[in-house]
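Below: one structure, written as structure tokens.
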Amino acid sequence: MDREERYRLVARNTAEVVTEEELDSLLDRDPTIYIGYAPTGEMHIGHFTTIRKLADFLQAGLEVKVLIADLHAHLDDEKSPFDLLDARSAYYREAIAGMVGAAGAEPGEIEFIQGREIELSAEYSLDLLRMAADTTIARTRRAGSEVVRQSENPTLGGLLYPLLQSLDVAALEADIAYGGIDQRGIYMLSREVLPEHGYNAPVCLFAPLLSGLTGGKMSASEAGSGIDLTDDSEAVEEKIAGAYCPQGEVTNNGVLEYLQYLIFPILEERGEPFAISRPEEYGGDVTYEDYAALEADFRTEELHPQDLKAAAATYIDEAIAPIRNRFADRPDLLAEAYPEKYD
RNA sequence: CCGCGCUUAGCUCAGCCUGGCAGAGCAGCCGACUGUAGAUCGGCUUGUCCCCCGUUCAAAUCGGGGAGUGCGGACCA
Numbered sequence: 161m162d163r164e165e166r167y168r169l170v171a172r173n174t175a176e177v178v179t180e181e182e183l184d185s186l187l188d189r190d191p192t193i194y195i196g197y198a199p200t201g202e203m204h205i206g207h208f209t210t211i212r213k214l215a216d217f218l219q220a221g222l223e224v225k226v227l228i229a230d231l232h233a234h235l236d237d238e239k240s241p242f243d244l245l246d247a248r249s250a251y252y253r254e255a256i257a258g259m260v261g262a263a264g265a266e267p268g269e270i271e272f273i274q275g276r277e278i279e280l281s282a283e284y285s286l287d288l289l290r291m292a293a294d295t296t297i298a299r300t301r302r303a304g305s306e307v308v309r310q311s312e313n314p315t316l317g318g319l320l321y322p323l324l325q326s327l328d329v330a331a332l333e334a335d336i337a338y339g340g341i342d343q344r345g346i347y348m349l350s351r352e353v354l355p356e357h358g359y360n361a362p363v364c365l366f367a368p369l370l371s372g373l374t375g376g377k378m379s380a381s382e383a384g385s386g387i388d389l390t391d392d393s394e395a396v397e398e399k400i401a402g403a404y405c406p407q408g409e410v411t412n413n414g415v416l417e418y419l420q421y422l423i424f425p426i427l428e429e430r431g432e433p434f435a436i437s438r439p440e441e442y443g444g445d446v447t448y449e450d451y452a453a454l455e456a457d458f459r460t461e462e463l464h465p466q467d468l469k470a471a472a473a474t475y476i477d478e479a480i481a482p483i484r485n486r487f488a489d490r491p492d493l494l495a496e497a498y499p500e501k502y503d
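Numbering (the numbering used here) for the first sequence: 161 to 503.
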């Protein structure tokens with residue numbers, strides 16, 4: 161694979177690359193890219209779109225590491241009780257492996273690392289304290305404002321969070337930090353502070369955050385705002401049917417975004433088109449080879465939201481089915497990770 | 001250790017002084033209108049009033065005890 165194609169694969173469907181020049185020069189070799197997930201709430205389709213890109217990274221020859229940031233999950237306002245960190249970590253691993261597989265890649269090619277494996281060494285602790293000494297509270301609050309739960313009386317844990325995440329980059333020896341664009345503040349801090357402590361500033365790659373199905377940003381706390389990986393076919397249909405989706409409007413349109421960032425890349429991997437069945441009255445069946453063509457038809461109102469939704473629901477349901485099935489075989493993983501819900 | 005504040009619907013809170021059917025806004029749900037959704041209009045739902053004991057015909061409200069949470073003071077070898 162030539163270098164240009166590798167760059168295209170790595171950078172496609174991202175919200176921002178910091179910086180493009182730095183990323184390009186990294187492709188002299190096979191760099192290491194990492195993404196961290198704090199095992200808190202159940203995983204959803206938003207996670208799936210960021211994880212799907214891991215398939216792009218693998219295909220481009222990058223070394224891919226996934227950090228299960230268990231301590232982060234507890235440091236951030238105790239989103240996960242300490243006693244549930246192991247169970248939720250196990251659940252996250254299984255879900256992530258399932259998503260990588262569903263994206264058409266080999267989960268075995270991904271290296272999983274547990275936060276506590278790297279975050280409790282004497283060296284890491286010393287670096288953390290030294291960073292704490294020269295980082296202001298205002299700076300770390302700003303860095304974590306989009307990620308760490310905000311409250312009137314924040315705990316120290318939430319303030320340390322961005323510093324730990326920065327040191328994770330160093331401890332994992334990652335060249336590239338990958339994550340949702342909400343992570344931007346933290347990694348900008350990393351780029352600032354890591355070099356002051358003898359480490360390289362990471363190149364950053366940010367995935368877009370998808371719009372919620374009810375309009376506005378997707379919110380994990382709002383049911384119906386996003387598709388859960390454990391949603392059954394009926395729930396997927398209902399949520400897509402109820403989605404905010406103005407005719408001809410492509411901005412803030414969760415349905416289109418799911419297709420662009422998740423469904424079309426998966427179909428492309430398989431070499432299949434996106435097929436919409438439609439009453440003759442409205443133009444009859446139609447298929448799209450790429451997302452741009454579909455978006456163009458939607459924009460010109462050639463393609464009506466109702467026809468789009470029906471097809472989108474089918475494809476999305478099919479995409480999450482493998483993950484759903486994985487957990488149907490392992491109900492214990494969910495039950496132990498979220499005992500209050502699955503009792 | 002001492003003092004003060006707070007705890008009421010999914011969320012933000014009012015009500016407490018002066019006891020009398022538990023409320024508002026937002027959210028949510030259901031209809032109407034749209035070949036989807038939203039917007040708009042119409043309608044509807046939602047409660048361990050933190051817990052226990054007491055006073056009272058009657059307690060979210062008053063008294064006592066407790067819990068959780070937050071703030072302040074003191075202590076600072």
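C-beta atoms are modelled at their ideal positions from N, C-alpha and C, and glycine is treated no differently.
Computed from a predicted model, the values in this text were never measured in an experiment.
Own chain, CB closer than 8 Å to L218, minus 5 neighbours either side, in chain order: V224, A265, E266, E269, I270
Span of the alpha helix (DSSP H) around G275: 275-279
Residues sharing a beta bridge with L365, DSSP: V177, Y338
Heavy atom of the ligand HEM less than 6 Å from the Cβ of R189, yes or no? With respect to small molecules bound, the structure shown includes none, and the ligand HEM cannot be examined in it.
Compare the C-alpha of G372 against each of C405, S393, P355 and name the closest. C405
Judging by CA-CA distance, which residue of F424, P491, A303, M259 is the nearest neighbour of N173? The residue from F424, P491, A303, M259 with its alpha-carbon nearest to that of N173 is F424.
With a cut-off of 8 Å, do at least 3 Cβ pairs link the segment 179-188 to the segment 229-237? no
What are the partner residues of K225, as DSSP defines its beta bridges? Residue pairing of K225 in beta bridges, as defined by DSSP: Y194, E271.
May I ask you to list the residues that DSSP assigns as paired with Y447? Before going on, a small fix: residue 447 reads as Thr here, not Tyr. For T447, which the question treats as bridged, DSSP gives the partners A435.
For the putative contact between A250 and G196, defined by C-beta atoms under 8 Å, what is the C-beta separation to the nearest angstrom? By a beta-carbon distance limit of 8 Å, A250 does not contact G196. Their separation comes to about 16 Å.
Straight-line Cα distance separating L454 from L463: The alpha-carbon atoms of L463 and L454 are separated by roughly 8 Å.
The alpha helix (DSSP H) enclosing H234, as first and last residue numbers: 230-235
Give me, in chain order, the residues of the same chain whose beta-carbon lies closer than 8 Å to that of T460; leave out the 5 immediate sequence neighbours on both sides. Excluding five sequence positions before and after T460, the CB atoms of its chain that fall closer than 8 Å to its own CB belong to G408, given in chain order.
Unbroken alpha helix (DSSP H) run spanning E397, endpoints: 393-401
With H, G and I counted as helix, E and B as strand and the rest as coil, what does DSSP make of D184? helix
Q466 lies in the alpha helix (DSSP H); which residues open and close that run? 465-489
Straight-line Cα distance separating A282 from G375: C-alpha separation (whole angstroms): 46 Å.
Reference Q420, options P199, D450, E441, closest by Cα: Of the candidates P199, D450, E441, the one whose C-alpha sits nearest the C-alpha of Q420 is D450.
So what's S371 in DSSP terms, helix, strand or just coil? strand
I297 and I256 closer than 7 Å at C-beta: no
How about A473 and I426: are their beta carbons less than 7 Å apart? Their beta carbons are not under 7 Å apart, which means A473 does not touch I426 by this criterion.
Report the three-state DSSP secondary structure of D388 (helix, strand or coil). strand
Is it buried or exposed, L244, if we count other Cβ atoms within 10 angstroms and call 16 or more buried? It counts as buried.
Starting from the C-beta of E397, find all residues in its chain whose C-beta is less than 8 Å away, skip the five residues before and the five after it, and write them out in chain order. A473, D477
Tell me the rounded alpha-carbon separation between G345 and V170. 21 Å
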